[in-house]
Amino acid sequence: MAHANELYLGKQDYQVLGKRPVRHDGTDKVTGKAIYTADVQLPNMLHGKIVRSPHAHARIKSIDASEALAMPGVFAVVTADDFPDLTEKFALMGEAGQVNLTELAANCLAKGKVLYRGHAVAAVAAANVHIADEAASKIKVEYEVLPSVTWVLDAMKDDAPLLHEHLRTDSMGKKADKPSNIAVHLQFEKGNVTDGFQQADVIVEREFRTASVHQGYIEPHAVVALWNEDSRLKLWTATQGSFNCRQQVAELLQIPVSQVLVVPCEIGGGFGGKITVYLEPVAALLSRKSGRPVKMVMQRNEVFEGTGPTPGSFARVKLGAKKDGTLVAGEAWLAYDCGAFPGGMIGPGCMCVFSCYDLPHAKVDGFDVCNNKPKTQAYRAPGSTQAAFACEQVIDELAEKLNIDPIELRLKNAAKEGTRRVDGPVYPRVGFVECLNAAKNSEHWKSKLSGKNRGRGIAAGFWFNIGGASSCSASVNDDGIVCLVEGSTDIGGTRTSIAMQLAETLGIAAEDVRPQVGDTDSVGYTFLTGGSRVTFATGLAAYQLGLDLQEQMKQRAASIWDCDPTSITVDKGVYKQNGHSLTFKQIAAKIPENQLDPVVGRASVAPEGSTNAFGVHIADVEVDPETGKVTVLRYTAIQDAGKAVHPSYVEGQMQGGAAQGIGWALNEEYFFDAKDQMRNASFLDYRMPTCLDLPMIDTIIVEVPNPSHPYGVRGVGETPIVPPPATIANAIHAAVGTRMTQLPMSPPALWKALSERA
Amino acid sequence: MKSFDYAAPTSLAEASALLAHANGQARILAGGTDLLVQLREHLREADLVVDVKRIPELMELSFTPEQGLRLGASVPCYRIYEHAEVSAAYPALAEAARIVGGWQIQSRASVGGNLCNSSPAGDTIAPLIALGASCTVVGPEGTRQVAAEEFCVSPGKNVLRRGELLSTIVFPPPAKSGGSAYERFIPRNEMDIAVAAAGSWVELDPSGKTIKNARVAITAVAPTPRFAAEASQWLAGKPATEETFAQAGELAKKVASPITDMRGTQEFRVHLVGVLTKRTLAKAVERARG
Amino acid sequence: MSKKIHVSTTVNGESVEFLCEARQSLLEVLRENLSLTGAKEGCNNGNCGACTVMLNGVPVNSCIVLAVEVEGAAIETVEGLACHGHLHPIQKCFLEGAALQCGVCTPGFLVTAKALLDKNPNPSEHDIRFNLANNLCRCTGYDKIVKAVQAAAAELQTR
Amino acid sequence: MPVVFIPTPMRDLTDGVTEVNVTGNTVGEVIDALEQRFPGIKSRLCRGDKLAPGLQVSIDATMTLRGLRTAVAPASEVHFLPTIGGG
């Protein structure tokens, strides 16, 4: 099918793309010189500290800060009352659609009720962190404790404690008649699922449960706020989107966006968890009240208890197939929690659950459910991993029942160009079949795995690429170096992948572009770093910028040669006309010599999201049947990258996502006690994988060009977290014959499953 | 962290006096890997922190095959496992020292500190009990010896009285046909707190086929580390076989009374006691045979 | 505010003096008093290794060392790794091997990795993984970090 | 004429009809045409002059954030989907 936005140039010989230059910001980061938010020191700076709820659900009866305010070295205290009145106020925030500002504010500082343990209630600014800490402990909050609920199915019950008395279930605009914790009910139907299942020779139906997990970035949330006497608010912060941060803060404080300047510092990981603001508006309020700059840095337990996580979930998935392996029908019922406030990841969960397969008949029901946990946030392909954990295990079981190789079964039913998804749209050119074939032909899949209690599993995953606006600008220096300012905050090396696309377009070396991330006053609007969009969308902007610069360079060359610019041809950075020839650098040097206009270029784009990235993972595991412990022996991640701009960083995304997925599979979870208090809010007890817990993670990059990008680039950041839990579960099943339907598949859980079977 | 005073005495007497006469709560600082976290998280409070690392006795590590090991209470873990002779003579101790936290923790954390922190899950405590170590406690009233298995009295609490500090842990000389092992179960492979753990020491008869003496200790499965007395006594005279080890594991389970928490269920932990006792005994016997 | 204590120490070979409160960690003093912000705070309780520095020749989590404890000690931080304008081979191998993404854990990894190679110039993959286990990375999956340490070991061996 | 895929929860308003051809050059016009045929559907799809919170439009396979202004070609499929974020 012809693609509406076909931009792909079909270039075969790349000069820069596909090479592995050293990243431009690398030296700063290996010498300790890179400035992260917590490294920012301002004269006369105060330190802020949040007071957090010790209860999972309670009414705030009173807050008394008098003792804290009387302490020497304490300068200001703020509570929810310091926010302007935001009743019935909504703001349109890009992908998130309309955001309820009352709820966003109440997540930063609780109003009336606390809805989870760790919910921020008040904040104090003091001369140093120790005084702030002591002062926070002296702010007296009186609570009336309310019953609480943290498991998603419990929260859906009629008699569950209600988080929001006025919340009624929304079914695409239709409101239910009584209050509930169920914020949203979604439904997708394709064909006739009853008829479909009647055609099936084999049906597998299973239920799955997953615990909440955290993004686990190593850098805690941090901000420095300076509210100046001219009403300008300057924020240095760790954010995935400086413009999104600016908008949220401006809306929450009801001030114009241009009054806020956000300086994105280097950011120590985000994975979706650093999009929503937590500290920024609070630090701003403290700075306004105290008249001094205020720094706030979360402690690790605050990060766990007050930010993230991704939804805990329940899923029931049913698939039917004919004897030859043709899938005929699928049904899924998904309930994802969204934590304290509505707006979780159920939409993408529903859209992803069957996204890898061509199903003639299918039905998907999804529920977004409030419960007493921190408001859920995006985490790498949000909603897709839980769905794949369910669907990919059911596929695995079907393959076993039908005695068909699991790759062959997937190939037979794989989504491809022209496949209509359950949620409606038809796929453009996608690379799932190519990924499956790469898996089938991989050394890993072809190798023999022997040994007791060992097994091999495979699973697939899918995620979208979102679109959104991106801007960049650049100037050409006398020495031919191009200084690039772009608006995407750089979490994992995207400065370089953007610079490489500019270099490719200009026909110069990656090292001859000097990229930097601009603040919100120095670069055009750029949507956040997330949704696997930066290398794709900001890369597209860099390409357009390259064309703009090239056009201007042609004009300068034309001035030098006194010819018509349109008569100049450019090939690999060499400009030619009628026997004349100058390189990009030579023209750059001649611009000041000839008193020509400096070359300054710009580009802004707002591409639509349309491209899709598939991945397939293979794992070999060994199970210790006496302890239930799983060791990952070998791991391979395969993914369609469209075109790998910097293969090392594409591999890095695949490896990092796989590692997070393995952690999610085996040990990570929010462990709640009977009072719905998280008991493992530390890196020690939350148990993210260390390097001793993982093998090398092999990667195979598949390149099926994205039609919506001149170089065929697809975003790669998120898909890699989707397959691992199902891959590991399928491998465990192959090793010991036990089907694990609950995450994490931790030693006690697997041991219990094994002993129950025995 | 609440404000506190700091002192770094250079003698046992000075330290004891500081601890005895402190205004408010005095806390001993060795490696600080537990204490500083607890102070920061308000799990413990201190008005005075007494850094004992400048006291020579507490930093002593001396070993001879005849005299055994004298281990100063503040000697960091890495000095134990980097000491070839000590590692060979007391493998259970070296094994535990190598897995207390990660490397950066082992650079600071000490066996004495681990014992005085008196966590039910302290990694080095099972080896101390299995190896028959004795603790030298110095205080205003003089010096006393406390058997390792009697040191901890409840989670976070031990026999130290006001003004007292642990100075040295004394290990008997290694037996000729002796061997020891420590193993804990954790979900990750390092940087974790034991879900359950066992330390075993055995001495074989000259044939190498029969257990002459044995000591088994288990941790993380009761309010305090436990000496599995019945299992240990039962092992004496038994053939060194898998069946014996498994049966000793069953006996060791009798002294386990674990709780269910985020690290594991009661049922799982009791089960692990059996598995780990069996595994450590097998390893200890293998080492005893040389 | 409680009274401050005077401490003399050596940081990256230079004599340094500072005043601090007893409750201040070495990490806090390095970052706030001495402006050495290379060591990062990731967890502030010894579980992530982002604050790793060398203290008298051994790697420690500086967040759980009191600054007053380092009287007379020798401290090395990530800022001291490169010398005379040249990156240490470990830094070079991290860069060339793309062994960092967000970079916030990188200083800790570099300090620990150097300590390992100083002690064991030819570590196995297991040695590397075992000794780096106190350093958490959430971005890379560790693959390229382990390979960078292997590459650095090889490069140092040829010197 | 563009074909609109009626979201499953709204099929109560369309008597179970799943796909309809309606005229319109933009999503806004398409929704107006839908409203003519199935009264009440507009208030489910829109909040004021904007797409309802949590909804986005996909024209064929292209998900867009442009809302009601999005151009619709005569051969296009129009889908109403939940918004998608990203991590």
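Protein chains in written order, with our numbering: chain Y, 279 to 1036; chain E, 3 to 292; chain B, 2 to 160; chain S, 3 to 89. From the three backbone atoms N, C-alpha and C, an ideal C-beta is built for every residue, glycine too.
| Asked | Found |
| --- | --- |
| CB-CB length for N958/Y against M264/E, believed under 8 Å | 5 Å |
| Within 8 Å of chain Y by C-beta, residues of the segment 168-201 of chain E in sequence order | F187, P189, R190, N191, E192, M193, D194, I195 and V197 |
| Integer Cβ distance of C630/Y from V980/Y, believed to fall under 8 Å | Not confirmed; about 19 Å, so no contact. |
| Which of helix, strand or coil DSSP assigns to F805/Y | coil |
| Short Cβ contact (7 Å threshold) for L56/B with A40/B | no |
| Backbone CA spacing between K297/Y and E583/Y [nearest angstrom] | 42 Å |
| Three CB pairs or more closer than 8 Å across the segment 304-312 of chain Y and the segment 390-399 of chain Y | no |
| Cut-off 7 Å between Cβ atoms - residues of its own chain near P885/Y, not counting five sequence neighbours on either side | G745, A815, L818 and S986 |
| From P988/Y, S810/Y and L874/Y, residue whose alpha carbon lies closest to that of D840/Y | L874/Y |
| Cross-chain neighbours of H444/Y in chain B, by beta carbon under 9 Å | Within 9 Å Cβ-Cβ: nothing; H444/Y doesn't reach chain B, min ~38 Å. |
| Interface flag, M3/S vs chain Y, CB-CB below 7 Å | no |
| Cross-strand partners of S751/Y (DSSP beta bridge) | V763/Y and R880/Y |
| Opening and closing residue of the alpha helix (DSSP H) in which Y927/Y lies | P925 to L944 |
| Through-space distance from Y421/Y to K339/Y, alpha-carbon basis | 5 Å |
| Backbone secondary structure at V275/E - three-state DSSP | helix |
| C-alpha gap between V155/E and A258/E, whole angstroms | 15 Å |
| Cα-Cα separation between Q40/E and N45/B, rounded to whole angstroms | 11 Å |
| Chain Y contacts from the segment 108-127 of chain B (Cβ-Cβ distance under 7 Å) | P108 and L111 |
| Sufficient close CB pairs (3 or more, under 8 Å) joining the segment 119-137 of chain B to the segment 68-84 of chain B | no |
| Interface flag, S109/E vs chain B, CB-CB below 7 Å | yes |
| Amino acids of chain Y, ordered along the chain, whose beta-carbon sits closer than 8 Å to that of G39/B | T309, G310 and K311 |
| S449/Y versus K52/S, S45/S, T20/S and G50/S, residue with shortest Cα-Cα distance | S45/S |
| Between the CA atoms of I8/S and Q92/S - distance to the nearest angstrom | Lying before the first or after the last residue shown, residue 92/S is absent from chain S, which here runs from 3 to 89. |
| Whole-Å CB distance - A1031/Y paired with M1018/Y, under 8 Å assumed | 6 Å |
| First through last residue of the beta strand (DSSP E) which encompasses P559/Y | Looking at the DSSP string, P559/Y is not in any beta strand (DSSP E); the run it does join, the alpha helix (DSSP H), is E558 to S568. |
| Residue environment, L676/Y, which counts as buried when at least 16 other CB atoms sit within 10 Å | buried |
| C-beta neighbour in chain Y for C21/B, strict 7 Å | no |
| 7 Å Cβ cut-off: residues of chain E touching F949/Y | M264 |
| Chain-ordered chain S contacts of F466/Y [CB-CB under 7 Å] | T10 |
| Touch test, the segment 468-477 of chain Y against the segment 680-692 of chain Y, Cβ-Cβ under 8 Å, three pairs minimum | no |
| Segments of 4+ residues assigned as alpha helix (DSSP H) that fall wholly inside the segment 46-102 of chain E | 79-83, 86-91 and 93-99 |
| Where the alpha helix (DSSP H) containing H639/Y begins and where it ends | Unbroken run through H639/Y is the beta strand (DSSP E), H639 to C648; no alpha helix (DSSP H). |
| Alpha-carbon spacing of A198/E relative to P108/B, whole angstroms | 34 Å |
| Beta-carbon spacing of W723/Y, I1006/Y below 7 Å | no |
| Where D615/Y sits in the DSSP three-state scheme | strand |
| Inter-residue Cα distance where the pair is D411/Y and P350/Y | 13 Å |
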